[in-house]
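To start, the structure itself, in structure tokens.
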Amino acid sequence: MPTAAPALDNSQIVSLLLNWFDPKKRPLAFRERNGLSPWAILLSEVMAQQTQADRAAQKWSEFLECWPTPHEMAAAPRADIIAAWSGLGYNRRAVNLHRCAEAVVIEYDGNLPDSTAALEGLPGIGPYTARAVMAFAFNAPTMPVDTNIARVISRLLNRVLDRKEAQALADELVTQTGAPSATLTDAIMDLGATICTAKAANCGVCPLAQPCAYRAQVELNPFEAQDPAAKGAHRPMKQAAFNGSDRQVRGAIIRSLTTLSPMSEGELTQLHGDKTPQLLTALAKDGLIVSLDNNLWALP
Ligand code: SF4
């Protein structure tokens, strides 16, 4: 059983982390945010969430060239956004992005709101993305909690955390210390990605070893120590296989309609198999395709 852990000493943790962190050591796509608009940052967060950052970065530049503000995107046909999204996967994000741009134009005159609650009220924007925009675009005292950050905090406390607790504890790291939220977020994400990883806690080289309760537990009794991050709400989930999945066929249908639209259900079924009719209905429900007369399908 994990030993009871005291509350975190946030000042100590922040100071250790910021002394250790060197943003140049791990140059990542989207890390240089100087001069970027809140819209550009939101776009990068939406794209990078379920797609490898390097792959997303190339599309991100293309998107910003075509649609540099919510106004341009809201005015574009939805089909253009879906077609341009091709290759990033999880195409629903393209529809939500277009809906989000429309809502920002209608409700906020084209300027992204600078409040977490208002951002969460936009189509497709969840708690993580809202906080990422708040931290990275507005330097607000909050932190987007991903699996890396949740793992580090959970191990520091040696406690299994639900989403609400992990978020509250992450926010406290900035609200109680006044640390710059964007830099601190990058620092903990780097620690979780390189040292305190899902596979192993490399406590011997960790800057947070001294205040870490899980490290202390492992040293005290390595055979009884149980990794609390393995059970928390942010633990990595196993992804279903992509090959042969509905997701793969859905993507293939969208690609067909991007190049050959409109197409009949029969033509699409011939290309993509027996599941096609039911997937067409699901894609239409998600706003990714529309049904025309004569049993034809097209991008919206
Ligand atoms: S000391 Fe170990 S368990 Fe604690 S944060 Fe560092 S790597 Fe993770």
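At position 46 of the sequence shown the residue is numbered 807 (my numbering), and the sequence of numbers has no breaks.
For each residue, glycine too, the CB sits at the ideal point set by N, CA and C.
Through-space distance from residue j to residue i, alpha-carbon basis
i	j	result
ALA1043	ARG854	15 Å
GLN971	VAL921	20 Å
MET1024	ALA911	46 Å
GLY1027	ALA844	22 Å
ALA817	GLU823	10 Å
LEU1101	LEU918	Residue numbering for the chain in the displayed model covers 762 to 1061; residue 1101 lies beyond these limits and cannot be assessed.
LEU883	TYR869	11 Å
TRP1058	TYR851	20 Å
LEU1148	GLN811	This structure cannot settle anything about residue 1148, because the visible part of the chain is limited to 762 through 1061.
LEU969	ALA1002	36 Å
ARG794	ALA768	33 Å
ILE842	GLY848	12 Å
ASN963	GLY953	10 Å
MET834	GLY871	10 Å
GLY885	ASP770	35 Å
PHE782	LEU934	16 Å
VAL979	GLY939	32 Å
ASN982	VAL966	20 Å
GLY1034	ILE774	55 Å
ALA809	LYS820	10 Å
ASP907	SER798	22 Å
ALA974	THR936	22 Å
PRO891	ALA836	The residue you asked about is not Pro; residue 891 is Ala in the sequence shown. The straight-line gap from Cα to Cα measures roughly 23 Å.
Span of the beta strand (DSSP E) around residue i
i	result
LEU1057	1057 to 1059
Delimiting residues of the alpha helix (DSSP H) encompassing residue i
i	result
GLY953	942 to 955
ARG853	853 to 869
ILE886	First-last for ILE886: undefined, no H or E at that position.
TRP846	839 to 846
TRP821	814 to 827
HIS1033	1026 to 1033
VAL966	VAL966 -> no alpha helix (DSSP H), and no H or E assigned at all.
GLU926	924 to 936
LYS1046	1037 to 1046
SER798	Here SER798 belongs to no alpha helix (DSSP H), and DSSP marks it neither H nor E.
LEU917	908 to 918
ASP988	Element bounds for ASP988: n/a, residue is neither H nor E.
ALA1065	Because the chain spans 762 through 1061 in this model, residue 1065 falls outside it and cannot be assessed.
GLN811	Neither: GLN811 is in no alpha helix (DSSP H) and is coded neither H nor E.
VAL921	No alpha helix (DSSP H) contains VAL921, which DSSP labels as neither H nor E.
ASN900	No alpha helix (DSSP H) holds ASN900; DSSP gives it neither H nor E.
Beta bridge counterpart(s) of residue i as assigned by DSSP
i	result
SER1052	TRP1058
Three CB pairs or more closer than 8 Å across the segment 824 to 836 and the segment 852 to 866: Here the segment 824 to 836 makes contact with the segment 852 to 866; the two share three or more CB pairs at distances below 8 Å.
Segment contact flag, the segment 888 to 902 with the segment 940 to 949, C-beta cutoff 8 Å, min 3 pairs: Contact between the segment 888 to 902 and the segment 940 to 949 is present, because at least three Cβ pairs lie under 8 Å.
Neighbouring residues (CB closer than 7 Å to any heavy atom of the ligand SF4): A residue is listed when its beta-carbon falls short of 7 Å from at least one non-hydrogen atom of the ligand SF4; in chain order these are VAL913, ARG916, LEU917, LEU952, ILE956, CYS957, ALA962, ASN963, CYS964, CYS967, LEU969, ALA970, CYS973, TYR975, ARG976.
Three or more C-beta pairs below 8 Å linking the segment 900 to 915 and the segment 930 to 937: Yes, since at least three Cβ pairs between the segment 900 to 915 and the segment 930 to 937 fall closer than 8 Å, the two stretches touch.
Cβ pair count under 8 Å reaching 3, the segment 1002 to 1018 against the segment 1043 to 1058: Below 8 Å, enough C-beta pairs join the segment 1002 to 1018 and the segment 1043 to 1058 to call them touching: three or more.
Sufficient close CB pairs (3 or more, under 8 Å) joining the segment 947 to 964 to the segment 773 to 787: In this structure the segment 947 to 964 lies against the segment 773 to 787, because at least three pairs of beta carbons, one per stretch, are closer than 8 Å.
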